[in-house]
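Below is one structure, written out as structure tokens, with a few remarks after it.
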Amino acid sequence: MYTHNAFNALAALLLGQLLLVGCGDDRDDDPSIAGQTELDAGDTTARDTSEQTDDSGEVQDTSMDDASIDAAPDTTPTPEQYTEPGPYGIGFQRHEMSYTPEGAQEPRTLRVVFWYPTTATDGELGQYADLLPREGVFLNAPVAVDEAAPVLVFTHGSSAIAEQSWFMAEFFATHGWIVVAMDHPGNTLFERDNGLGVGPFVELRPQDVVATIDYIDALPASEALSGLFSDARLVSGHSFGGYTALAVVGATYDVDNLDEACEALEPRSCDLIEEAAPRLRGGYGDPRLKAAIPMTPGGYLLFGEGLADVDVPVLLMTGARDTTLPEPEEGDPIWEALDGPDATRMVFLNAGHMTFSNLCEVVPNFAEDDGCGDSFLPPPDAHVIINAYSLAFARAHVLNDPQAMAWLQQGFLLDGEVEVFEK
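Per our numbering, residue 280 is the first one in the sequence shown, and the count goes up by one each step.
Here is the structure:
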């Protein structure tokens, strides 16, 4: 199944721990963030004309001294190209939007958060889940780009929060991307199980993502991020969010066998899933999304062979020691069913389900048998690999960057911790 029962048990404990973590800056101890480029305090100006553009269209310094001006540039890929944060600081915004899902009678209101590049080095701290102050992340900071930037859409796991994998969101923002994530109301950390299970969210979650993309495209000119979302977009998600990511890039549902799927996955909400069948039949693929990075996804029985309808590049990440969504039940059959272009799978041999989020660092002794215990690859070490390959994959397949493709082909950082498979 793809529910996060562990998340439900975690809620009370996490609420007690969140503020404790926010008291200090853990960025210096996190290899996925270490090495953040320092910028001059108060400097919000564009860089000078001896520079070239990066992912966002913003410029980077390419000036050379006299000794090197005649030398050919060295384009040999190096590990550091994708392990270090980019040149920007991290801005953060909170929004709220409403829409009415297909099949619903009432509007649905989502909390939507953004990470984006800034040159600010101080200011009011952004608070994750409105509770956790995050050092080095500045609320409503000036936006450092004035041209459309590439976009990463993130969808959280069951009973989690929009910010659950901030290691990835922050990293992409430092490299000039705008990251947008939404809470999926009724399926978050702060909303207890109402007896309906995850059934309603099989159809609500993909619609939340599509509605959020509609929202960013319609931001009024009064909003600082208005007009800054380029057409270069991909989606990522963890667990139930991995299912959601696959749905919005075109996986279609095995509608004729939903009764079998719901009995195996969520028997208490079978009626809801079966009632949704006519709406699920059309799927939720959004052509505005150019690639997907699902991490430890579930939902194979809902899609079945419909996963072959995904026709954008997919980087599937799974953990060989995942006990929440075991590989034989989810990761392996999902991989076998994917049949689109440029499908790649990364299996983290010593990772569990929670390795792909920040929850292991937030709450001591959480999920020790599923990614957080001492016998697993430490999550911060895994995050370096996840960030590097996600960013390189995004640049290669969304921005058509040949240097990023060359970097991917080198196999940096794997060192026996990760196996990579391609179709």
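Every residue gets a Cβ at the ideal spot worked out from N, C-alpha and C, and that includes glycine.
Per the coordinates, the alpha-carbon of E647 lies some 13 Å from the alpha-carbon of V641.
Per DSSP, reduced to three states, the secondary structure at E375 is strand.
Look at the segment 636 to 667 and you find these whole runs of alpha helix (DSSP H), each 4 residues long or longer: 638 to 641. Boundaries of the beta strand (DSSP E) harbouring W394: 387 to 397, taken from the DSSP string.
CA-CA distance, W445 to T362, rounds to 16 Å. Judged by DSSP in its simplified three-state form, S548 adopts helix. The continuous beta strand (DSSP E) containing T597 extends over residues 594 to 598. With fewer than 16 other Cβ atoms from the protein chains shown falling within 10 Å of its own Cβ, N644 counts as exposed.
Around the C-beta of D462, 16 or more other C-beta atoms lie within 10 Å, and the residue is accordingly described as buried.
For A571, there is no enclosing alpha helix (DSSP H); the residue is found in the beta strand (DSSP E) stretching over 571 to 574. The residues A540, L580, L581, F582, G583, E584, G585, in chain order, have a CB closer than 8 Å to that of D533 in the same chain once the five nearest residues on each side in sequence are set aside.
Taking 4 residues as the minimum length, the alpha helix (DSSP H) runs contained wholly in the segment 468 to 537 are 480 to 496, 519 to 527, in order along the chain. Here E381 carries a coil assignment [DSSP, helix/strand/coil]. Annotation: T623 to L504 spans about 32 Å, alpha carbon to alpha carbon.
In this structure, the beta-carbon distance from I457 to Y407 does not fall below 8 Å. Between N419 and Q486, the beta carbon gap of about 28 Å keeps them out of contact (Cβ cut-off 8 Å).
By DSSP's assignment, P464 forms no beta bridge with any residue. For M625, the enclosing beta strand (DSSP E) starts and ends at 623 to 627.
Counting only runs of 4 or more residues that sit fully inside the segment 411 to 455, the alpha helix (DSSP H) segments are 445 to 453, in chain order. Apart from the 5 residues on each side of it in sequence, V527 sits with its Cβ closer than 7 Å to the Cβ of P485, V488, V489, V514, Y563, G564, D565, L568 in its chain, given in chain order. Only residues of its own chain outside the window of five on either side were considered, and among them T623 have a CB closer than 6 Å to the CB of E701, listed in chain order. Under the three-state reduction of DSSP, F700 is assigned to strand.
Nearest Cα to G365 within the set T357, L551, E449: E449.
Distances from the CA of Y367 to each of Q443, G382, F451 were compared; the closest alpha carbon is that of F451.
Beta-bridge annotation (DSSP): Q406 is paired with P412. Cβ atoms of I613 and P576 come within 8 Å of each other, at about 6 Å. Annotation for M684: the continuous alpha helix (DSSP H) segment containing it runs 681 to 687. In the displayed model, G610 falls within a helix according to three-state DSSP. Boundaries of the alpha helix (DSSP H) around A556: 556 to 559.
Straight-line spacing of the CA atoms in E615 and G529 works out to 16 Å.
Apart from the 5 residues on each side of it in sequence, P358 sits with its Cβ closer than 7 Å to the Cβ of F691, L692 in its chain, given in chain order. Nearest to T453 by C-alpha distance, out of I369, S377, E442, is I369. In this chain, the alpha helix (DSSP H) harbouring F582 covers 579 to 582. For the set L544, D535, Y378, the Cα lying nearest the Cα of R558 is the one of D535. G564 sits in coil when the DSSP states are folded into three classes, being neither helix nor strand. The three-state reading of DSSP puts G370 in strand, counting E and B together.
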